Amino acid sequence: MKKECEVIRDILPLYADDACSDASREIIEEHLKECQDCAAYLEQIRASEAEDGLKEERKQVIENQARRFKRRSAAVGSATSAVFMIPILIYLVVNLISGGALSWFFVMVAGMLVAASLIVVPIIAPRDKLFWTFCAFTGSLMVLLAVCSLYTHGTWFLIAASASLFGLSVVFLPFVIKAKPLEKLVEGRKKSSIVLAVDAILFGNMMSMISLNIKSFFLTAVTALLTIAAIGLLAFEIIRKGRDK
Numbered sequence: 001m002k003k004e005c006e007v008i009r010d011i012l013p014l015y016a017d018d019a020c021s022d023a024s025r026e027i028i029e030e031h032l033k034e035c036q037d038c039a040a041y042l043e044q045i046r047a048s049e050a051e052d053g054l055k056e057e058r059k060q061v062i063e064n065q066a067r068r069f070k071r072r073s074a075a076v077g078s079a080t081s082a083v084f085m086i087p088i089l090i091y092l093v094v095n096l097i098s099g100g101a102l103s104w105f106f107v108m109v110a111g112m113l114v115a116a117s118l119i120v121v122p123i124i125a126p127r128d129k130l131f132w133t134f135c136a137f138t139g140s141l142m143v144l145l146a147v148c149s150l151y152t153h154g155t156w157f158l159i160a161a162s163a164s165l166f167g168l169s170v171v172f173l174p175f176v177i178k179a180k181p182l183e184k185l186v187e188g189r190k191k192s193s194i195v196l197a198v199d200a201i202l203f204g205n206m207m208s209m210i211s212l213n214i215k216s217f218f219l220t221a222v223t224a225l226l227t228i229a230a231i232g233l234l235a236f237e238i239i240r241k242g243r244d245k
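In UniProt numbering, the protein residues as written are 1 to 245.
Here is the structure:
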């Protein structure tokens, strides 16, 4: 390559952006008429700039669409929440007017929370929808069980809650544990071991609640040993990760 071509190619990007002086422009244009290689190099620069422009434009379009989707999701979520509030307000007003007790009102509110966790949360959650829906549903379900137990003066809450937690863990924990909010917690650890340990702990907790209810010493001892073993497995995973660091 000639030295003249090297000099011209150094300032071709400025020429392509129309940022060089008139004198430089004349020199470059004269050179391009005679040098096909430099002319082809200029076309490559312009094609690259056009491609970069398309990439930037596509990025802006995606960002704009994402913002619009978030705004629409927030609007739909707010509207859905308002719909859920209508029966609650109607029931509250009717109860206050009629002078009735509010016991069933709290049961209905807890039930609405369960429904909202499955409908509203997936709409308004910007990311990790499964994780936040699972957390919201589990929490609202525990609230519903507690309210129903208090309203009926029952002693079954601990059994129902522990059984529900175990069932939800068996079905959903293998998927939930992959969510981004838990990445730092489980990073470098065997997810299958963590899932197994948590399931075993919740199973032991459920069996403990049952054994306490039926007053079985043997079943209580067995479930206690199972729970201790599961906690040991979970602790081993945590300690092993700490040693690896």
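Note that beta-carbon positions come from the ideal geometry of N, C-alpha and C, so glycine has one too. The structure presented is a predicted model; accordingly, all values stated were derived computationally and were not measured.
Excluding five sequence neighbours on each side, which residues of the same chain lie with their C-beta closer than 7 angstroms to the C-beta of Phe-172? Phe-134
* **N- and C-terminal bounds of the alpha helix (DSSP H) containing Trp-132** => 129 to 152
Between Thr-133 and chain D, is the shortest Cβ-Cβ distance under 7 angstroms, so that the two count as touching?
Checking the listed chains, one finds no chain D in this structure; it contains a single protein chain.
field: Status (buried if at least 16 other CB within 10 Å, exposed otherwise) for Ala-116
entry: buried
First through last residue of the alpha helix (DSSP H) which encompasses Ala-179: Careful: Ala-179 lies outside any alpha helix (DSSP H) and carries neither H nor E.
Q.
For Met-207, which residues in the same chain have their Cβ closer than 8 angstroms to its Cβ, ignoring the five residues on either side in sequence?
A. Leu-219, Val-222, Thr-223 and Leu-226
Quiz item: At a cut of 8 angstroms, does the segment 130 to 144 reach the segment 177 to 185 through at least three beta carbon pairs?
Solution: yes
Tell me whether Ala-110 is buried or exposed, calling it buried when 16 or more other Cβ atoms sit within 10 Å of its Cβ.
buried
**Asked** CA-CA distance, Leu-185 and Lys-191?
**Response** 10 angstroms
Tyr-151 versus Leu-168 - alpha carbon distance: 24 angstroms
**Asked** Leaving out five residues before and five after Ala-229 in sequence, what residues of the same chain have Cβ atoms less than 6 angstroms from its Cβ?
**Response** none
Quick check on DSSP: helix, strand or coil for Ala-125?
coil
- For Trp-156, which three-state DSSP category applies? coil
Tell me whether Val-120 is buried or exposed, calling it buried when 16 or more other Cβ atoms sit within 10 Å of its Cβ.
buried
Within a Cβ cutoff of 7 angstroms, which residues of the same chain sit near Ile-159, ignoring the five residues on either side of it in sequence?
Met-209, Ile-210 and Asn-213
Under 8 angstroms by Cβ, that's how I've got residue 250 and Leu-32 pegged, so tell me the actual separation to the nearest angstrom. Only positions 1 to 245 of the chain appear in this structure, which leaves residue 250 out of reach.
Nearest residue (CA-CA) to Lys-4, options Glu-187, Asn-205 and Ile-27
Sequence check: residue 4 is Glu here, not Lys. When only C-alpha atoms are compared, the closest one is Ile-27.
For Ala-75 and Met-85, what's the separation of their Cα atoms in angstroms? 15 angstroms
Would a C-beta distance cut-off of 7 angstroms place Leu-118 and Phe-106 closer than the cut-off? no
Would you kindly work out how many angstroms separate the C-alpha atoms of Cys-35 and Gln-60, rounded to a whole number? 38 angstroms
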